[in-house]
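This report concerns only the one structure given below.
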Amino acid sequence: MKRQCCKRCRFKHPQKLQNPKTLFFHETEKQSGGGGAGEMVRESYVVVHNIAKRHNVGTLARSATAFGVKELILVGRRDFNSFWKPWLHFSPPFSPLPSLSDARDFLKEKDCDICGVEITDSALPVNEHPFKRSTAFLLGNEGTGLSTKECEMCDFFVYIPQYGCGTASLNVTVAASIVLHHFGVWAGFPERSRDGHKFIVAERPVKQGKYCTETEESIVHERKSRRENASNGFFDETRNAESTSSPLDTLFTEE
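Residues in the sequence shown are numbered from 1 upward in steps of one, following the numbering used here.
If you want it as structure tokens, here you go:
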């Protein structure tokens, strides 16, 4: 990520900052099921297509983080900017794709089965773990479920058995959590270590904000010299630039 600054800044900035997603990859690569000599690596993906409520996408991302999902595939939209939460530092990457056919091609290149989470005549109970390899889970709309087009791209279906009589179906994010947990059990993902009543999260990357090799004192001195030179006609600075409250504010722009 290249830093931007105002025209007055003559100091070099780092060309590339550490990406929090990279840290997440280093963690999840260790968690993928299999991966030893001659063993098949088993990974899970989530396809988000027709989910109506934005906050559900954020909850899906949290569940995906907890259950070791490799990637979230966002089909057709790019405006899923979920409310910022600390755990999003380590959430799986979001990959936008324009259509379902593009998503299918993308996943097939990764040798993934596509599993629809829906109650159909051919659906298998998820607790029987009917998985064979890396799997991408396609979840239906909160009200209407999977569309005909969505069902056509699925290789098989699973459903979540219910034992109570009070509800016809589960919320899409609840269903996703249950299904992803079952896949993680089948794939043999190693359980995260615990500390007290919570699981240990990876160390949060330090956010690198404004950066400059010079001290604030030296910057103030330079600006003073520039103002003096401007009075002699060497520079043409505006009064607004001269009256900036903090010299650091004019040297850098926020991300």
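We put the CB at the ideal spot given by N, CA and C, even for glycine.
Can residue i and residue j be called in contact, C-beta distance under 8 Å?
{"i": "Asp113", "j": "Thr135", "result": "yes"}
{"i": "Phe67", "j": "Cys115", "result": "no"}
{"i": "Arg133", "j": "Arg42", "result": "yes"}
{"i": "Gly76", "j": "Ser99", "result": "yes"}
Just checking my contact of residue i with residue j at CB under 8 Å: how many whole Å lie between their CB atoms?
{"i": "Leu74", "j": "Pro92", "result": "About 11 Å; that fails the 8 Å criterion."}
{"i": "Ile51", "j": "Asn141", "result": "7 Å"}
{"i": "Glu150", "j": "Leu138", "result": "6 Å"}
{"i": "Ala176", "j": "Val46", "result": "7 Å"}
{"i": "Arg104", "j": "Met153", "result": "5 Å"}
{"i": "Ser95", "j": "Phe183", "result": "The Cβ separation is near 19 Å, so there is no contact."}
Please report the distance separating the alpha-carbon of residue i from that of residue j.
{"i": "Val126", "j": "Gly188", "result": "16 Å"}
{"i": "Pro190", "j": "Gly166", "result": "35 Å"}
{"i": "Asn56", "j": "Thr173", "result": "6 Å"}
{"i": "Leu180", "j": "Gly145", "result": "18 Å"}
{"i": "Lys198", "j": "Arg192", "result": "10 Å"}
{"i": "Leu107", "j": "Ala123", "result": "21 Å"}
{"i": "Ile119", "j": "Ala64", "result": "22 Å"}
{"i": "Ile178", "j": "Ala202", "result": "23 Å"}
{"i": "His49", "j": "Glu109", "result": "19 Å"}
{"i": "Tyr163", "j": "Pro130", "result": "20 Å"}
{"i": "Lys53", "j": "Asp155", "result": "26 Å"}
{"i": "Gly143", "j": "Ala168", "result": "11 Å"}
{"i": "Lys70", "j": "Glu217", "result": "47 Å"}
{"i": "Ser147", "j": "Gly196", "result": "43 Å"}
{"i": "Lys171", "j": "Leu97", "result": "Note on identity: in this sequence residue 171 is Asn, with Lys being the wrong assignment. If I take the Cα positions, the gap works out to 25 Å."}
{"i": "Pro161", "j": "Gly58", "result": "25 Å"}
{"i": "Leu60", "j": "Lys224", "result": "53 Å"}
{"i": "Val117", "j": "Arg194", "result": "30 Å"}
{"i": "Tyr159", "j": "Asp121", "result": "10 Å"}
{"i": "Lys210", "j": "Val220", "result": "Because Lys210 sits at a pLDDT of 47, beneath the cut-off of 50, its placement in the model cannot be relied upon, and the following sentence gives the value as read from the coordinates. Going from the Cα of Lys210 to the Cα of Val220 covers about 16 Å."}
Does DSSP put residue i in a helix, a strand or coil?
{"i": "Phe137", "result": "strand"}
{"i": "Ser63", "result": "helix"}
{"i": "Asp121", "result": "coil"}
{"i": "Gly196", "result": "coil"}
{"i": "Gly116", "result": "strand"}
{"i": "Glu71", "result": "strand"}
{"i": "Leu146", "result": "coil"}
{"i": "Leu170", "result": "coil"}
{"i": "Ser95", "result": "strand"}
{"i": "Phe106", "result": "helix"}
{"i": "Phe189", "result": "coil"}
{"i": "Val46", "result": "strand"}
{"i": "Val201", "result": "coil"}
{"i": "Val41", "result": "coil"}
{"i": "Phe183", "result": "helix"}
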